[in-house]
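Working notes, structure below.
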DNA sequence: CTGAAAGCGCTTACAG
DNA sequence: CTGAAAGCGCTTACAG
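Protein chains in written order, with the working numbering: chain L, 336 to 700; chain W, 336 to 700.
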């Protein structure tokens with residue numbers, strides 16, 4: 336039997352000190368205390384020191400509501416997770432991103448407000464509400480699309496924001512991005528160097544910008560390298576669709592020894608690149624079931640590394656990014672923006688190729 | 336080149352309406368408007384309707400800071416993730432929990448504040464800060480320990496809280512819990528019914544309450560059923576330690592045909608139960624590497640189901656809980672508590688046994 | 001049923 | 001360098 340103030344059992348909750356209390360103890364006005372506390376000019380060094388000591392001693396902390404109301408910041412940034420709730424928890428990506436953002440924010444005692452939104456409408460509604468209620472100072476925008484209505488909404492609201500993704504398609508909002516096209520070239524060149532001439536790609540959601548950028552780069556590099564066959568299947572990132580795509584790809588007959596022109600759909604790839612770790616793992620399982628040896632008959636690669644890739648057998652070759660750092664970089668830039676500084680786009684590090692046991696020379700190229 | 340208010344390019348951000356604006360348009364006092372908006376008695380139905388229509392038309396939303404400052408709620412609940420940032424993103428548990436909490440909160444337009452804290456000290460500091468700054472109305476407390484200093488901190492602060500975990504060891508705070516002991520009995524009885532007489536457990540962090548409760552139940556049911564051998568290895572939930580524990584367990588020689596008393600450490604289990612999905616998957620990989628057939632030579636089970644369990648080969652038999660519902664139940668109770676209602680402990684559904692391909696009769700029991 | 005007023009705890013011009 | 005005062009946008013007793 337507890338009531339909300341926790342006082343049911345007689346717990347005495349001491350009133351939290353305010354600047355008025357500090358002012359009284361210090362024999363100053365509230366204004367002077369405020370200046371001292373905020374490092375503003377207008378008080379002597381000795382006064383400032385005394386006020387800061389008193390504040391610490393009395394356990395004073397700024398009331399965030401009062402601060403926000405008097406025009407300063409709310410000290411809160413917002414992040415909407417653009418996934419139906421049921422799909423979250425599958426990909427480690429978002430949790431790592433959150434951890435990275437958090438890390439960068441902690442030093443500035445800024446909080447992170449989180450919301451799960453199943454679609455873009457719900458997401459736009461969240462931004463409108465947050466901004467109207469003055470709940471956040473700014474937001475992070477993830478999962479950039481080729482045609483992305485959110486950009487306009489955020490710009491119209493005047494809501495400070497940093498886009499995580501790109502390059503391009505993010506209006507006048509600054510973005511933090513990685514060069515997915517260059518990474519794709521690196522991956523396909525690696526597979527081609529091993530001798531693969533038939534490479535498939537199991538891609539994520541079609542509308543997403545990075546899906547498109549990777550897709551274009553995949554087509555280009557396949558052409559440049561003169562691969563005999565390349566093909567893409569799009570999915571929703573789920574393990575199910577990853578498995579299904581794999582089954583379809585592996586059901587095709589292997590390439591004939593004479594490498595003449597064959598119908599695209601009827602050629603079986605010797606290597607598959609997946610757009611996330613979950614699908615790559617699911618694909619590996621499907622290969623096992625179908626008696627397709629990895630990496631003997633099929634090389635498998637995952638875009639975005641995680642423990643998942645390490646713990647299965649064989650461990651998966653993957654494209655590894657420091658996602659925590661990615662989130663931290665975005666957070667630093669949003670804080671800069673809120674400080675009134677100009678923020679330009681920032682290109683994060685290239686993903687690294689982590690070679691493990693799931694890729695090898697094809698048995699029959 | 337953008338400044339924080341987004342106005343650099345001349346974007347006109349219209350001033351958000353306040354209750355004063357509504358009062359003026361309606362020819363009422365601010366007080367009357369406030370009563371109308373909040374469903375308080377003191378205004379006629381027709382006035383209330385007119386005010387609500389005006390508010391909608393003008394796009395009014397309550398300024399959360401003003402509301403919080405004048406003594407009402409902040410409309411924000413807090414959750415600290417008690418893991419070093421690098422370990423997050425591995426277990427789907429927290430993301431699902433967050434999604435569940437979010438779902439329940441959305442209907443009440445309550446926000447969720449998130450922080451990552453590497454240890455209990457950092458966590459306690461977060462609670463103190465949040466409460467001192469009046470950032471949250473209440474918090475969720477997860478990863479309950481047998482000796483848990485956080486309980487006292489939260490009680491002393493008078494910070495409304497709901498504990499996710501139990502039963503017991505949560506002081507006077509209400510808790511939402513599942514019966515891990517009963518679930519453990521169910522699991523071991525299932526394995527024993529298959530014919531397993533040598534069962535090992537790869538447990539999570541030693542100090543956690545549910546680790547201890549499961550451990551005690553494991554010992555009890557092993558004794559009750561008269562298993563020939565049972566043993567536990569504790570870990571930190573990581574894939575690495577799960578793999579290592581598995582290697583150690585499988586390195587022991589199989590039980591001799593004569594079932595006389597054998598030294599405990601030297602007996603190889605025919606079934607292993609893991610405290611999370613990640614370790615179960617890692618363990619399955621180790622078995623493959625060591626040429627131990629799953630489920631022929633070794634049955635494997637995971638506590639807490641996830642896609643991970645479904646996508647590997649063989650798919651893992653698991654103990655499945657609806658973690659989103661778990662989070663939602665906790666959120667509902669915290670909201671109740673904040674409404675001033677008495678909240679009692681709530682026992683959530685028993686986990687379900689989901690039987691897949693990783694468990695079978697032992698080849699040599 | 002309605003209005004006028006005080007107050008929440010800060011910040012920030014404005015005087016001295 | 002310091003003090004007195006207004007104001008942010010709400011809520012809530014207190015009079016009428």
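Beta carbons are placed, not taken as given, at the ideal position from N, Cα and C, and that holds for glycine.
Model, not experiment: these values are computed from the prediction.
Bridge partners of residue i, per DSSP?
i	result
residue 616 (chain L)	None; residue 616 (chain L) has no bridge partner.
residue 533 (chain L)	L:564
residue 413 (chain L)	L:448 and L:474
residue 589 (chain L)	L:603
residue 687 (chain L)	L:655
residue 512 (chain L)	L:682
residue 440 (chain W)	Bridge partners of residue 440 (chain W): none, in fact.
residue 367 (chain W)	Residue 367 (chain W) pairs with nothing; no bridge assigned.
residue 569 (chain W)	W:538
residue 480 (chain L)	L:543
residue 609 (chain W)	W:537 and W:637
Please classify residue i: is it buried, with 16 or more other beta-carbons within 10 angstroms of its beta-carbon, or exposed?
i	result
residue 450 (chain W)	buried
residue 594 (chain W)	With a pLDDT of only 46 at residue 594 (chain W), under the threshold of 50, the placement of this residue in the model should not be trusted; the figure read from the coordinates follows. Label assigned to residue 594 (chain W): exposed.
residue 598 (chain W)	Any reading at residue 598 (chain W) must be qualified, since the residue scores a pLDDT of 45, below 50, and its modelled position is unreliable; the value itself is stated next. That one is exposed.
residue 625 (chain W)	exposed
residue 354 (chain L)	buried
residue 574 (chain L)	buried
residue 559 (chain W)	exposed
residue 693 (chain L)	buried
residue 458 (chain L)	buried
residue 679 (chain L)	exposed
residue 639 (chain W)	buried
residue 686 (chain W)	buried
residue 619 (chain W)	buried
residue 426 (chain L)	buried
residue 628 (chain W)	exposed
residue 384 (chain L)	exposed
Let's see if you can read the secondary structure: which residues bound the alpha helix (DSSP H) around residue i?
i	result
residue 467 (chain W)	455-467
residue 659 (chain W)	658-673
residue 642 (chain W)	642-646
residue 390 (chain L)	380-393
residue 355 (chain W)	354-361
Along the chain, where does the beta strand (DSSP E) that runs through residue i open and close?
i	result
residue 695 (chain W)	Run containing residue 695 (chain W): none; DSSP gives neither H nor E here.
residue 286 (chain W)	Here chain W covers residues 336 to 700 and nothing more, so residue 286 (chain W) does not appear.
residue 636 (chain L)	634-638
residue 677 (chain L)	It is not in any beta strand (DSSP E) - residue 677 (chain L) carries neither H nor E in the DSSP assignment.
residue 496 (chain L)	496-499
Are the Cβ atoms of residue i and residue j separated by less than 8 Å?
i	j	result
residue 513 (chain L)	residue 538 (chain L)	no
residue 505 (chain W)	residue 486 (chain W)	yes
residue 508 (chain L)	residue 489 (chain L)	yes
residue 448 (chain L)	residue 500 (chain L)	no
residue 357 (chain W)	residue 395 (chain W)	yes
residue 473 (chain L)	residue 673 (chain L)	yes
residue 547 (chain L)	residue 497 (chain L)	no
residue 361 (chain W)	residue 387 (chain W)	no
residue 651 (chain W)	residue 622 (chain W)	no
residue 634 (chain L)	residue 562 (chain L)	no
residue 423 (chain L)	residue 434 (chain W)	yes
residue 452 (chain W)	residue 416 (chain W)	yes
residue 398 (chain L)	residue 463 (chain W)	no
residue 653 (chain L)	residue 637 (chain L)	yes
residue 613 (chain L)	residue 646 (chain W)	yes
residue 698 (chain L)	residue 631 (chain L)	yes
residue 707 (chain W)	residue 587 (chain W)	Residue numbering for chain W in the displayed model covers 336 to 700; residue 707 (chain W) lies beyond these limits and cannot be assessed.
residue 440 (chain L)	residue 466 (chain L)	no
residue 410 (chain L)	residue 445 (chain L)	yes
residue 643 (chain L)	residue 536 (chain L)	no
residue 552 (chain W)	residue 565 (chain W)	no
residue 604 (chain W)	residue 569 (chain W)	no
residue 696 (chain L)	residue 530 (chain L)	yes
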